[in-house]
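Peer 1:
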Amino acid sequence: MRGIPAARHTPAGAPPLARAVLALYPPAWRARYGDEALAYLEESGAGSGELASLLWRAAPAWAWPPAHLHDPPARMRASLATILMAWSALAVLGGAFDQLTQQQGIAPAGHPVIGWSYAIFGVALALSALVLGAGCLPLWLLMLRRARRDHSPRATACLLTPVAAPVAGLLALALILGAVGHPGGVGPWWFLAITMLGFATAAMAAAGPGIALRTQRPRGPAVRLAAVTAAIATATIIVAFAASALAAIGLYLWAHQFAGYHNGVLLGTYLAVVAAAGATAAVSATRGTYAALAR
Amino acid sequence: MTDRLDRWADPPLLVLASLAEEPKHGYAITQDVAQTMGVRLTAGTLYAVISRLEAGGLIEPLEPEGRRRPYRITAAGAQALARQSERMSHVALVARQRLSMRSGLAGA
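Below, the structure written as structure tokens:
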């Protein structure tokens with residue numbers, strides 16, 4: 010083997026920035042290539058060009074992970090669990106958006122784009138929920154049957170959280186509305202508390218199946234179907250939230266007369282949360298689809 | 185414009201060509217490619233290519249030497265490199281012939 014070429018610079022250890030850049034890669038990639046990439050950076054001097062190129066390639070490493078680093082069913086299960094979590098968070102956000110906009114009848118005259126955005130948002134969100142439910146149902150039933158066959162009450166409880174958590178959340182909502190609600194609705198702080206309750210409910214509803222996927226490790230066509238339909242549901246909910254973002258920006262620009270809409274912080278926070286959840290779901294959906302279609 | 189063609193150099197081919205000589209680790213590959221082929225591969229490109237070639241069975245990792253891991257070309261990788269080299273030779277031949285015809289016409 011050829012001798013090691015003279016290094017331009019050999020620091021005692023990899024610079025913290027190099028470690029930070031590599032931390033952006035998926036765990037399986039880091040486990041396989043992390044050490045040697047650090048050794049490379051130490052030898053090459055970890056220049057800004059090298060670090061920038063690693064930074065640039067981090068997102069593709071998530072979206073299109075090398076086939077030899079993953080077991081495709083494991084990747085589909087991980088993708089499904091992440092999509093369920095991100096999708097649930099987006100659904101709660103969608104409910105809050107709907108309450109604060111359409112349910113208030115806010116649609117400034119002369120700006121039909123807001124009305125159209127509301128319509129697209131509603132249709133796409135409903136379609137996304139239907140696709141996700143229909144695609145995941147066979148896998149859910151399969152896993153429930155396996156939990157019952159294995160006499161595993163823990164797995165059964167985890168799998169029932171998508172039903173039990175929303176029911177509990179709705180009961181809690183009814184109690185809150187009964188206690189503090191009035192004909193005009195609830196105050197802003199109670200609205201915030203109800204939204205937080207919604208996020209907690211969604212997290213519980215999504216975490217149960219995620220845990221069951223990790224413990225039962227199902228494989229086969231039901232997992233593939235769930236992964237592909239979850240990706241379609243992700244694409245659809247992204248369309249819904251793109252429409253909601255358009256409506257929110259429209260309200261910010263044109264609904265000055267309504268308190269709360271001409272608020273850059275609120276709009277920025279909404280758009281940032283939507284973008285983060287949407288990007289997480291999109292990357293996971295790409296990984297899951299890639300694994301489902303891999304031969 | 186001429187230099188822009190360098191951007192179209194195929195990094196997987198460069199890595200395979202480098203490993204056709206002998207097994208090398210990441211930094212040695214980039215040094216070899218820079219010195220013998222005149223193309224600078226960055227770390228991001230190199231490891232994206234290594235993972236693709238490894239997934240495709242065209243290269244394989246050897247036992248690590250400390251933190252550095254050498255790679256060697258597989259039989260499938262050597263075949264792929266040979267096929268692609270033949271295609272490139274053909275393209276180069278056609279290009280040279282046509283360029284000489286063109287310069288001949290210009291001189292006439």
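So the sequences go chain by chain: A and B. The numbering used here puts the first sequence at residues 10 to 304. The numbering used here puts the second sequence at residues 185 to 292. Virtual Cβ for every residue (Gly too), placed ideally from N, Cα, C. Every value quoted in this text rests on a predicted model; they were computed, and no experiment measured them.
(1) How many whole angstroms separate the CB atoms of residue 165/A and residue 157/A, which I take to be in contact at a CB cut-off of 8 Å?
(2) Looking at C-beta atoms only, is the number of pairs between the segment 60 to 74 of chain A and the segment 23 to 30 of chain A that lie closer than 8 Å three or more?
(3) Between the alpha carbons of residue 79/A and residue 219/A, how many angstroms are there, rounded?
(4) Could you name the residues of chain A that residue 244/B contacts, counting a contact when the two beta carbons are closer than 7 Å?
(5) Considering only residues of the same chain and omitting the five flanking positions on each side of residue 93/A, which have a CB-CB separation below 7 Å?
(6) What does a CB cutoff of less than 7 Å around residue 155/A pick up in its chain, not counting 5 residues either side in sequence?
(7) So what does DSSP say about residue 75/A, is it helix, strand or coil?
(8) Can you confirm whether residue 44/A, when its beta carbon is compared against all beta carbons of chain B, has any partner nearer than 9 Å?
(9) Residue 49/A versus chain B: which residues are under 7 Å apart at the beta carbon?
(10) Taking residue 68/A as the reference, give the member of 242/B, 229/B, 247/B, 241/B with the closest Cα.
(11) What is the C-beta distance between residue 245/B and residue 253/B, in whole angstroms, given that I count them as a contact (C-beta under 8 Å)?
(12) State the DSSP-derived secondary structure class of residue 288/A, mapped to helix, strand or coil.
(13) Counting only runs that start and end within the segment 191 to 272 of chain A, where is the alpha helix (DSSP H) found for 4 or more residues in a row?
(14) Using the C-alpha atoms, what's the distance from residue 234/B back to residue 260/A?
(15) State the Cα-Cα distance for the pair residue 202/A and residue 239/A, rounded to the nearest angstrom.
(16) Figure out for me which residue from 277/B, 231/B, 237/B, 226/B has the closest Cα to the Cα of residue 58/A.
(17) Contact criterion: CB-CB distance below 9 Å. Does residue 258/B meet it with respect to chain A?
(18) Taking the beta carbon of residue 3/A as the centre, do at least 16 other beta carbons fall within 10 Å, making it buried, or is it exposed?
(19) With residue 154/A as the anchor, note down where its alpha helix (DSSP H) starts and where it stops.
(20) I need the straight-line Cα distance from residue 281/B to residue 136/A, nearest angstrom please.
(21) In this structure, how does DSSP classify residue 34/A when only helix, strand and coil are distinguished?
(22) Just to check my reading of the structure: residue 254/A and residue 283/A have Cβ atoms closer than 8 Å, yes? What is that Cβ distance to the nearest angstrom?
(23) Please decide whether residue 76/A counts as near chain B, where near means a Cβ-Cβ distance under 9 Å.
(24) Mind checking whether residue 290/A and residue 139/A have CB atoms under 9 Å apart?
(25) Helix, strand or coil, according to DSSP, for residue 17/A in the structure here?
(26) For chain B, find out if any of its Cβ atoms is closer than 9 Å to the Cβ of residue 58/A; answer yes or no.
(27) List the residues of chain A whose Cβ lies closer than 8 Å to the Cβ of residue 232/B, in chain order.
(28) Starting from residue 171/A, follow the alpha helix (DSSP H) in both directions and report where the run begins and ends.
(29) Tell me which same chain residues have a C-beta within less than 7 Å of the C-beta of residue 106/A, skipping the five on either side of it?
(30) Among 285/B, 263/B, 224/B, which residue has its Cα nearest to the Cα of residue 243/B?
(31) So with CB distances below 8 Å, who are the chain B contacts of residue 53/A?
(32) Which partner residues of residue 255/B appear in the DSSP bridge assignment?
(33) Would residue 250/B count as contacting chain A if we go by Cβ distances under 9 Å?
(34) Can you tell me which of the three DSSP states residue 226/B falls into?
(35) Sorry if obvious, but does the Cβ on residue 259/B come closer than 8 Å to a heavy atom of the ligand NAD?
(36) Using a Cβ distance threshold of 8 Å, determine whether the segment 205 to 224 of chain B contacts the segment 121 to 128 of chain A, with at least three qualifying pairs required.
Peer 2: Let's see:
(1) 7 Å
(2) yes
(3) 18 Å
(4) What residue 244/B touches in chain A: nothing, since even the nearest Cβ is about 10 Å away.
(5) 215, 218, 219
(6) 225
(7) coil
(8) yes
(9) By Cβ distance, chain B contributes 210, 211, 227.
(10) Ranked by Cα distance from residue 68/A, the options 242/B, 229/B, 247/B, 241/B are led by 229/B.
(11) Beta-carbon to beta-carbon, residue 245/B and residue 253/B are separated by about 5 Å, close enough to satisfy the 8 Å threshold.
(12) helix
(13) Runs found: 197 to 225, 230 to 263.
(14) Rounded to the nearest angstrom, the two C-alpha atoms are 49 Å apart.
(15) 29 Å
(16) 226/B
(17) no
(18) This structure gives no information on residue 3/A, because the portion of chain A shown stretches from 10 to 304.
(19) 121 to 158
(20) Using only the alpha carbons, I get a separation of about 60 Å.
(21) coil
(22) With a beta-carbon spacing of about 6 Å, residue 254/A and residue 283/A fall inside the 8 Å limit used to define contacts.
(23) So yes, residue 76/A belongs to the interface.
(24) no
(25) Only weak support exists for where residue 17/A lies, its pLDDT of 41 falling under 50; the value from the coordinates is given anyway. Coil, per DSSP.
(26) yes
(27) Ordered by position in chain A, the residues that pass the 8 Å Cβ test against residue 232/B are 66, 69, 70.
(28) Note, residue 171/A: alpha helix (DSSP H), 162 to 189.
(29) 253
(30) 263/B
(31) 211, 214, 227
(32) Residue pairing for residue 255/B: DSSP places it in a beta bridge opposite 208/B, 245/B.
(33) yes
(34) Coil.
(35) As presented, the structure is devoid of all ligands, the ligand NAD included, so that no description of it is given.
(36) no
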